[in-house]
Every structure is written in C-alpha cells, then in structure tokens.
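Engineer: First to last, the protein sequences are chains C and G.
Everything in the first sequence is counted per UniProt numbering, starting at 1 for the first residue and increasing by one.
Everything in the second sequence is counted per UniProt numbering, starting at 1 for the first residue and increasing by one.
Every residue, glycine too, gets a C-beta built ideally from N, C-alpha and C.
2 protein chains.
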Amino acid sequence: MSYTFENLEEEKQQRIINAALEEFSLQGYEKASTNRIVNQARIGKGMLFYYFNNKQELYYYLVNYCFDLLHNKYLPQINLNETDLIERYRKATVSKFSFYKEHPNVFNFLGTLMLADGDLLTEEVQEKIDHLRHVGYDLVYNNLDYSRFREDVDSEKAMELIKWAMEGYQQQVLANFKGEKMMDIDLDQLSNEFSDYLDVLKTAFYK
Amino acid sequence: MSYTFENLEEEKQQRIINAALEEFSLQGYEKASTNRIVNQARIGKGMLFYYFNNKQELYYYLVNYCFDLLHNKYLPQINLNETDLIERYRKATVSKFSFYKEHPNVFNFLGTLMLADGDLLTEEVQEKIDHLRHVGYDLVYNNLDYSRFREDVDSEKAMELIKWAMEGYQQQVLANFKGEKMMDIDLDQLSNEFSDYLDVLKTAFYK
DNA sequence: ACCTTTTAGACCAAAGTGGTCAATAATTTT
DNA sequence: AAAATTATTGACCACTTTGGTCTAAAAGGT
Numbered sequence: 001m002s003y004t005f006e007n008l009e010e011e012k013q014q015r016i017i018n019a020a021l022e023e024f025s026l027q028g029y030e031k032a033s034t035n036r037i038v039n040q041a042r043i044g045k046g047m048l049f050y051y052f053n054n055k056q057e058l059y060y061y062l063v064n065y066c067f068d069l070l071h072n073k074y075l076p077q078i079n080l081n082e083t084d085l086i087e088r089y090r091k092a093t094v095s096k097f098s099f100y101k102e103h104p105n106v107f108n109f110l111g112t113l114m115l116a117d118g119d120l121l122t123e124e125v126q127e128k129i130d131h132l133r134h135v136g137y138d139l140v141y142n143n144l145d146y147s148r149f150r151e152d153v154d155s156e157k158a159m160e161l162i163k164w165a166m167e168g169y170q171q172q173v174l175a176n177f178k179g180e181k182m183m184d185i186d187l188d189q190l191s192n193e194f195s196d197y198l199d200v201l202k203t204a205f206y207k
Numbered sequence: 001m002s003y004t005f006e007n008l009e010e011e012k013q014q015r016i017i018n019a020a021l022e023e024f025s026l027q028g029y030e031k032a033s034t035n036r037i038v039n040q041a042r043i044g045k046g047m048l049f050y051y052f053n054n055k056q057e058l059y060y061y062l063v064n065y066c067f068d069l070l071h072n073k074y075l076p077q078i079n080l081n082e083t084d085l086i087e088r089y090r091k092a093t094v095s096k097f098s099f100y101k102e103h104p105n106v107f108n109f110l111g112t113l114m115l116a117d118g119d120l121l122t123e124e125v126q127e128k129i130d131h132l133r134h135v136g137y138d139l140v141y142n143n144l145d146y147s148r149f150r151e152d153v154d155s156e157k158a159m160e161l162i163k164w165a166m167e168g169y170q171q172q173v174l175a176n177f178k179g180e181k182m183m184d185i186d187l188d189q190l191s192n193e194f195s196d197y198l199d200v201l202k203t204a205f206y207k
C-alpha cells in the first residue's frame, strides 16, 4: 500500500477499509468486486489501484490490518491464569462482544478468513491464523482446574457441552447485532444477561 | 419442468439435481452458474433449458423437491408427544443425521434456503419455510414437562443452554461429515456417542 | 424409410471483471 | 504568481462469464 493512503484523513481511510472488509467478507476473495468497493467507499475507481496496486495487495493489507487490531485490542484481554473455565468464558466473551461493537467488519472479516481455504494466503498469514486457532484452543482446554466440576459427570464431556452452549449464545447475540446500530448495543446489560446464563452453568456443572 | 426430465433414468436425474443443489447451496441463487451445473452433471448446456425452461424454474423445482423429501422422510419422525426435552432432542437429532446421510445436498440446500432473504420466493414457498420454522420452534418449546428440571435453576435459561449445546454438537458432527463419504458414516456409533452427552445433560439439568 | 424426441455444444448479446490512463483538480514548492 | 508535484476521476480496455438459443446430429420408434 502506498504512503498516500496512510496520509489520508482517517475518515476516508476507514470508509475504504470498511467497504473492502465488508465486500471480502460477504463475497470471498474471488467474487469480491473492486467496483462495488469503490462505489461503497465513494472514491473513483482509479484511486483503489493508486493506493493499493491491485486486488491482492489490498487483500493482504486488510489481513494485516485486522490481525494488528486483534493483537492489540482483543488478545491482550485473554488471561490464561484464570483456572475457572466459566470465568474464563465470561471475560473472553465480553471482550469479544466489545471488540465486535468497535470493529464489526474486522470481526466478520477475520471470521471468514479463519474458514477460507488458504490457497492464496502467504505462509506468514497462515501462521497468524494458526496462532489464533491455538489461542482459541488454549482458552478452552489449557490450565483449567478440573476439580471444580461435579464428580458424577465426565468433565471432558461437560467442557464440550459448555463450549457449545457458549458458542451458541455468542452466535445468537451476534445475529441480533446484525440488525442494530453498533451505538445501540448496551454491553453492560448484555453482560448481566450473560451472567445469568453463567450462573446456571455453574449450578449445573460445578460441585 | 418437462415430463422428459421425469422420464429420465433415475441416476441421471439425481446427477442433475445434486449438481444444481450443490451449486445453489454454495453460491446462492444469483451467483449460481448454469454452466457449472451442466458441467458437474455431465450434460449438454441445452438440456438444462430443455428440461427446465430457465434458471428460475429449475430453482423452484429444487425447492419443491427438497420440501417434499423433508415432509416425507424427516418431519414424520418428529414426535411432540414426548414431553422430555432431552429425549426429544435424541430422536430429532438422530433423525436429522440420518436424513443428512441420505440426502446431504438436500439438507444443505434447505439450510441455505432458510437463511436466504425471500425476495425471489413465491408466497407458497415462503409459507413452507415459515411452517418449517414453526416445527423447529415447537420441537424446542412446546408441550414439555418442566418439572423434570432441577428447581435451583431457571428452566427457561436451562432450555436455552441445552438448545445451544445441541446445536453446537450438531454443527460439529456435520462439519466432520463434510470430509467423509456418506457411506462411511456409522449412525449407530454416532448415536451412542451422542447418548453419552445426553446423559451428562440430564445429570446436570434434571432433578 | 420416415418421423419424433433427445442430445450436445457452438454461439449470442449483455453484463461484469481487474486494471489502465489521460485529463483535471488540488496542493506544494519555487 | 508560476511551475511542479500529487491526488483524483471515470471513461475505457481486453477478457471472462452470464443465462439462454438454435442448429445439426444422434437415438428411438413404427
């Protein structure tokens, strides 16, 4: 990406980045249309290729942009010292919602990136993806205090069930977000509602 | 659709139907390519428009084909007399996997159909979709015996958590199916594994 | 031999693709 | 104020893909 782009007023940069993120998320790399991106971003066709030289460089720029944001804003919040699985979910989930509220397009783009087949991804990017997957794994399986689980159930199965329940809750909340304006999202209220579900889980699965 | 198509040998019909279902599922209506369909089905381009007159009629034929199959092979299995939520999930989930094993493309097509925005759907089709949604709702919320739940948790919240866990389990199993040949899927083994999870749920959430 | 039905794929206009470029507008430098 | 540099636009390009047509041949029936 050219330095011209970085020197643009922030608002214009964001318009372009968000238009591109949305297009790539919805359509995938191949089907994403640079025409739709420039229209959505309200810039002339030529500019996109003046800032970034071609579609692929634009894509790589976005990938790095998103990973940087993730590494700065979300990953630091994850604390593996917490040995209580459900408390870990509490913090991670709230952080996730908070990240989504601030950067919904980045969130969605990363989501599709994790699923996409990595044919056109550099090894460097593939490593970042693998690392992220690893973080997700640690979050759910590493350094946990199993003694908290009641003893009449298989704790591994309980953990899976809890994981699925948490993913389902997240999916439902995110699906509800889609219709709303980001501004209207009340993280505190959401956090309380979530807390109730976590209490039920603790009652059900812990000693 | 012309009668010519119905008089085709079954194997050829299936090749065409499956090629089209897969294309529409993966690409959505607009982006689905009739060229890819005929190549995948190994028929000449002209034939698709000889059997069905155009893309839209082909699509409607598939919609009806899938709903017919669903109404004949899956929905009859659902029994709302069972008042035990978890037992209901047992039967419904096993039936679902069984349906997927027999008709994976139909399953996926219906899945995307339920999500798609119904701009190009006739009212008749929209009604079928709504009806199916209603069945899903009844399955999870109607005619259930709440007294089975332990009394120190909010049974509504417990039901949501169980629903999410079940959906997560299904998603995981279906994701594993994607790589495999349908033939290799062992429903009995799967059913046993599933049973273990249901037992854990009962221990955790029931009296 | 003749007629009908089925088949394949070359072909069509239209639309869309990523990318270029010359003409201008805006800004900076002199 | 003039000149030089940078930023911006959109018409334009060659190319691919689109849904759909049509001719010619093959297959099947009588």
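Starting from Leu190/C, find everything on chain G with Cβ-Cβ shorter than 9 Å and list it in chain order.
Structural biologist: Here residue 190/C refers to the residue found at position 190 of the first sequence. Ordered by position in chain G, no residue passes the 9 Å Cβ test against Leu190/C, which lies about 15 Å from the chain.
Engineer: What residues in its chain sit with their C-beta under 6 Å from that of Arg88/G, if we drop five residues either side in the sequence?
Structural biologist: Taking the first residue of the second sequence as 1, we reach residue 88/G at position 88. The residues are Glu82.
Engineer: Apply the 10 Å Cβ neighbour rule to Leu26/C and answer buried if 16 or more other Cβ atoms are within range, or exposed otherwise.
Structural biologist: Residue 26/C sits at position 26 when you count from the first residue of the first sequence. Classification for Leu26/C: exposed.
Engineer: What does DSSP give as the partner residues of Tyr206/C in its beta bridges?
Structural biologist: For the purposes of this step, residue 206/C is taken as residue 206 along the first sequence, with counting starting at 1. Tyr206/C pairs with Phe149/C.
Engineer: Along chain G, which residues have their Cβ under 8 Å away from the Cβ of Asp196/C?
Structural biologist: In the first sequence, residue 196/C corresponds to position 196, counting from 1. Chain G residues near Asp196/C: Asp154, Lys157.
Engineer: So, with DSSP's three-state summary, where would you put Leu80/C?
Structural biologist: Stepping through the first sequence from its first residue, residue 80/C is reached at position 80. DSSP places Leu80/C in coil when its eight states are reduced to three.
Engineer: Pick from Ala158/C, Leu62/C, Arg42/C, Cys66/C: whose alpha carbon is nearest that of Glu11/C?
Structural biologist: Here residue 11/C is taken as the residue at index 11 of the first sequence, counted from 1. With distances taken between Cα atoms, Glu11/C lies closest to Arg42/C.
Engineer: Cβ of Leu21/G within 8 Å of Cβ of Val125/G?
Structural biologist: If you number the second sequence from 1, residue 21/G lands on position 21. If you number the second sequence from 1, residue 125/G lands on position 125. Cβ atoms of Leu21/G and Val125/G: not closer than 8 Å.
Engineer: Identify which residue in Leu113/C, Arg150/C, Leu115/C has its Cα closest to the Cα of Lys202/C.
Structural biologist: As a position in the first sequence, residue 202/C is number 202, starting the count at 1. Ranking the options by Cα distance to Lys202/C, first place goes to Arg150/C.
Engineer: With a cut-off of 8 Å on the beta carbons, I'd call Tyr169/G and Tyr197/G a contact; round off their distance for me.
Structural biologist: Reading the second sequence from its first residue, position 169 is the one you call residue 169/G. Reading the second sequence from its first residue, position 197 is the one you call residue 197/G. The pair is a contact, with the Cβ atoms about 6 Å apart (cut-off 8 Å).
Engineer: Between the region 90-106 of chain G and the region 177-195 of chain G, do at least 3 Cβ pairs fall closer than 8 Å?
Structural biologist: yes
Engineer: Would you kindly check if the distance between the Cβ of Val200/G and the Cβ of Val153/C is under 8 Å?
Structural biologist: One-based indexing of the first sequence puts residue 153/C at position 153. One-based indexing of the second sequence puts residue 200/G at position 200. When the beta-carbon positions are compared, Val153/C and Val200/G come within less than 8 Å of each other.
Engineer: Considering only the alpha carbon of each residue, which of Lys128/C, Ile17/C, Val140/C lies closest to residue 229/C?
Structural biologist: The requested residue 229/C does not occur in the structure, where chain C is confined to residues 1 to 207.
Engineer: Is the shortest distance between the beta-carbon of Thr203/C and the beta-carbons of chain G less than 8 Å?
Structural biologist: Along the first sequence, read from residue 1 onward, the residue named residue 203/C stands at position 203. Yes, contact with chain G.
Engineer: Report the neighbours of Gly136/C on chain G: residues whose CB is nearer than 8 Å to its CB, in chain order.
Structural biologist: Locating residue 136/C in the first sequence gives position 136, counting from the first residue. Residues of chain G passing the Cβ test: none, with the nearest at roughly 14 Å.
Engineer: Of the residues that make up the region 76-88 of chain G, which ones have a beta carbon closer than 8 Å to any beta carbon in chain C?
Structural biologist: Cβ contacts with chain C: none found.
Engineer: Determine the burial state of Lys207/G: buried for a count of at least 16 other Cβ atoms within 10 Å of its Cβ, exposed for fewer.
Structural biologist: Walking along the second sequence from the start, residue 207/G turns up at place 207. By the 10 Å Cβ count, Lys207/G comes out exposed.
Engineer: On a CA-only basis, which of Tyr51/G, Met114/G, Ser155/G, Asn142/G is nearest Met1/G? Give me that one, please.
Structural biologist: On the second sequence, position 1 is the one that residue 1/G refers to. Checking every option, the nearest Cα to that of Met1/G belongs to Tyr51/G.
Engineer: According to the neighbour-count rule (16 or more other Cβ atoms, all chains shown, within 10 Å of its Cβ), is Ala19/G buried or exposed?
Structural biologist: The residue given as residue 19/G occupies position 19 in the second sequence. Buried, because 16 or more other Cβ atoms sit within 10 Å of the Cβ of Ala19/G.
Engineer: Consult DSSP for Gly44/C and reduce its assignment to one of helix, strand or coil.
Structural biologist: Locating residue 44/C in the first sequence gives position 44, where the first residue counts as 1. Three-state result, Gly44/C: coil.
Engineer: Is Gly168/C close to chain G, meaning its C-beta is less than 8 Å from at least one C-beta of that chain?
Structural biologist: Position 168 of the first sequence, counted from the first residue, corresponds to residue 168/C. So, interface residue.
Engineer: Give the secondary structure of Phe52/G by DSSP, where H, G and I count as helix, E and B as strand, and everything else as coil.
Structural biologist: Position 52 of the second sequence, counted from the first residue, corresponds to residue 52/G. Residue state, collapsed to three classes: coil.
Engineer: Which residues in chain G have a C-beta closer than 8 Å to the C-beta of Lys31/C? List them in chain order.
Structural biologist: For the purposes of this step, residue 31/C is taken as the residue at position 31 of the first sequence. Under the 8 Å cutoff, chain G gives Lys31.
Engineer: Since Asp84/G contacts Arg148/G with CB under 8 Å, what's their CB separation in whole angstroms?
Structural biologist: Looking up residue 84/G in the second sequence gives position 84. Looking up residue 148/G in the second sequence gives position 148. About 6 Å separates the two Cβ atoms, so the contact holds.
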